[in-house]
Amino acid sequence: MIGCSGSAPGPDAACSCYLVEQDGWRLLLDLGTGAVGPLQRYAPVTALDAVFVTHAHGDHCDDLTALAYLRSAAGEAGSLPVYGPTAVESRLAERLPDHRKLTFGPAPERIGPYRVRTAVGRHQVENWAVRLDDQLCYTGDSAPCDALDDLAHGCAVVLAEASGFDDEPVPNHLTAGDAGRLARRAEAQLLVLTHIRPWHRDRVADLLAEAARHSSCPVLLATAGLTLNL
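If you count by our numbering, then the sequence shown holds residues 172 to 401, one letter each, in order.
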């Protein structure tokens, strides 16, 4: 877990960014505001193989700009594939017209060693939830919907946003309770809550408790530096 803060960085957490590694192959899921700094503690920017971006909101993709500059400054000659909705490329083009060795495209059926499935969730902009094999399903930002349920079903680990509480829902986002219910319907083995907004950091115990009330599996809180073996 590189960054797990929602909407804006917190004092000790960058925005959404998750590094997935298998057999020396490195895939980033999202690269939100402030994440490229701590990312470099875990992997050189020139050692990444691909980036998957769920949607074109800054807390999920804005540090692509910094990543492109850092790779260029490091002398990286190869182009880094970035997969996600077309709006992600449009957002970056406003800030980095030549893209600095980033290549954009739709998600293929395989990214490196991973078999990839996606589903369009319910959000203000097009959001692609993503599943890697049967091991990890990441929601990005989405309200509950059938497409998300179908994608997550049977997946071992659900990495889900928890942008609020059932009694204080945020439109187009999952609450902690929603995350718990999603994990239960998915028959997941582990639920990891992420996208915790900075103003909820003093209520993480309540978020975990709400998710646990509805989930049939253990619930963890995503924190910077947390490592899971899938």
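Cβ coordinates follow ideal geometry from the N, Cα and C atoms, glycine included.
Small disclaimer: the values here were computed from a predicted structure and weren't measured.
Rounded Cβ spacing between residue i and residue j (contact assumed at less than 8 Å)
i      : j      : result
LEU378 : ALA318 : The Cβ separation is near 24 Å, so there is no contact.
ALA278 : PHE223 : 7 Å
ALA227 : PRO209 : With 8 Å as the limit, ALA227 and PRO209 do not qualify as a contact, their Cβ atoms being about 22 Å apart.
ASP337 : GLY348 : 4 Å
ARG356 : ASP305 : Not really, about 16 Å apart at Cβ, beyond 8 Å.
GLY174 : ALA395 : 7 Å
Counterpart residues of residue i in DSSP-defined beta bridges
i      : result
GLN193 : TRP196
LEU263 : BP columns for LEU263 are empty, so no partner.
CYS308 : ARG302, VAL329
CYS186 : SER176
ARG281 : ARG286
THR365 : GLU332
VAL291 : TRP299
VAL390 : LEU362
PRO252 : THR274
ALA221 : LEU198
ALA314 : ARG293
GLY205 : According to DSSP, GLY205 bridges with nothing at all.
GLU339 : PHE336
GLY181 : ALA184
Residue i versus residue j - alpha carbon distance
i      : j      : result
VAL301 : GLY246 : 31 Å
VAL207 : LEU238 : 6 Å
ASP373 : GLY249 : 43 Å
ARG262 : ASP230 : 13 Å
ILE367 : SER176 : 5 Å
ALA382 : ALA354 : 9 Å
TYR189 : ALA350 : 18 Å
THR346 : HIS385 : 11 Å
CYS388 : GLU358 : 8 Å
HIS294 : ALA218 : 32 Å
ASP233 : ALA376 : 29 Å
LEU199 : ARG288 : 15 Å
THR365 : LEU391 : 9 Å
LEU322 : ALA214 : 29 Å
GLY276 : ASN298 : 15 Å
GLY195 : LEU399 : 16 Å
CYS316 : GLN211 : 35 Å
Beta-carbon spacing of residue i, residue j below 7 Å
i      : j      : result
PRO252 : THR274 : yes
PRO182 : THR204 : no
GLY432 : SER313 : The displayed coordinates of the chain run from 172 to 401. Any statement about residue 432 would go beyond what the structure contains.
MET172 : LEU397 : yes
GLY335 : THR225 : no
VAL328 : LEU303 : no
ALA258 : VAL296 : yes
ARG197 : ASP220 : yes
SER178 : ASP201 : no
Contact with chain C by residue i, beta-carbon distance below 7 Å
i      : result
LEU190 : Included in the structure is just one protein chain, with no chain C present.
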